[in-house]
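The numbering used here numbers the first residue of the sequence shown as 172 and each following residue consecutively.
Built from N, CA and C at the ideal position, the CB exists for glycine as well.
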Amino acid sequence: MNTDKLSARLATVAKYVPKGARLADIGSDHAYLPCFLAKNEGIPFAIAGEVAVGPCQSAERNVLAEGLADTISVRMGDGLEVIQQGEVDCITIAGMGGALIASILDNGKEKLTTVKRLVLQPNISAISIRKWFIENNWELIDEEILEEDGKIYEILIGERGDPYKPYNTNLDMGLLVGPFLVQKQDKTFKRKWTAEMKNWQRIYEALEGATQSLETLEKKREIIDKIKLVEEALKHEDS
């Protein structure tokens with residue numbers, strides 16, 4: 172891997188790391204992101220955190236091969252355990268489920284006191300992160316959506332502030348699809364939510380044929396609510 176060039180997904184994450192930031196990249200895998208930022212954006216210090224032995228060793232090899240051992244500290248540990256209090260002001264977490272990212276932030280809350288920015292790329296359930304931001308007084312300041320190798324990714328950027336600020340109209344809709352993404356309405360956004368709606372409709376039809384227990388009825392109601400929110404979101408194009 173040439174750490175001078177990142178995948179489109181990681182390049183988008185890198186774009187939101189402030190110049191001169193002291194970074195912790197959690198779940199760093201091969202440390203591609205911190206290596207890229209140290210070489211190309213001149214970040215003064217980074218932690219590459221990994222919970223698994225194999226990726227941790229791979230990260231160490233890459234950091235040494237790039238001659239960046241003085242700038243990047245590779246550490247093995249779970250979530251934000253790898254950070255000392257006050258060490259970093261920006262955290263990136265990419266390539267995990269949204270619920271897992273939210274739980275990592277929740278379990279390491281005390282490490283966030285000096286952190287000014289979070290750049291998060293959930294593979295699924297971005298809603299879990301948006302909800303966590305609201306519950307913990309982080310303001311969602313921007314979002315991007317992109318497609319790479321047939322998969323759609325969302326990148327969420329948070330800073331301390333007013334957690335309700337981006338949600339000017341429908342909170343439920345904003346949490347589900349993203350308040351910035353609904354305004355941008357790009358092709359990837361439309362493709363993602365049109366496909367999600369079709370999938371929910373298939374599930375709904377399957378439930379129609381099932382025994383109508385209380386649980387089934389609740390699931391059907393939940394699906395209808397989500398479809399309505401997405402239909403409303405996709406109408407925003409002209410607003």
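With fewer than three CB-CB distances shorter than 8 Å, the segment 213-227 does not count as touching the segment 282-292.
The C-beta separation of I316 from F360 comes to about 5 Å, placing the pair in contact by the 8 Å criterion.
Within the same chain, Cβ atoms closer than 8 Å to the Cβ of E212 are found at A185, V188, K190, the five residues on either side in sequence being excluded. Counting other Cβ atoms within 10 Å of its Cβ, G380 stays below 16 and is therefore classed as exposed. Under DSSP, the beta-bridge partners assigned to V290 are T263, I328. By the 16-neighbour rule on beta-carbons within 10 angstroms, K406 is exposed.
With contacts defined as CB atoms closer than 8 Å, G268 and L251 fail to qualify as a contacting pair.
Looking at the DSSP output, G220 bridges to I197, R246. Cβ neighbours of C206 within its own chain (closer than 8 Å, five residues either side excluded): T174, N233, V234, E237, L239, I243.
For the 8 Å CB-CB criterion, L346 and W303 do not form a contact. Between the C-alpha atoms of A265 and I298 there is a straight-line separation of about 15 Å.
If you compare the alpha carbons of M344, Q256, I312 with that of K397, the shortest gap goes to M344.
A check of alpha carbon separations from G225 across A209, R362, G198, L208 identifies G198 as the nearest.
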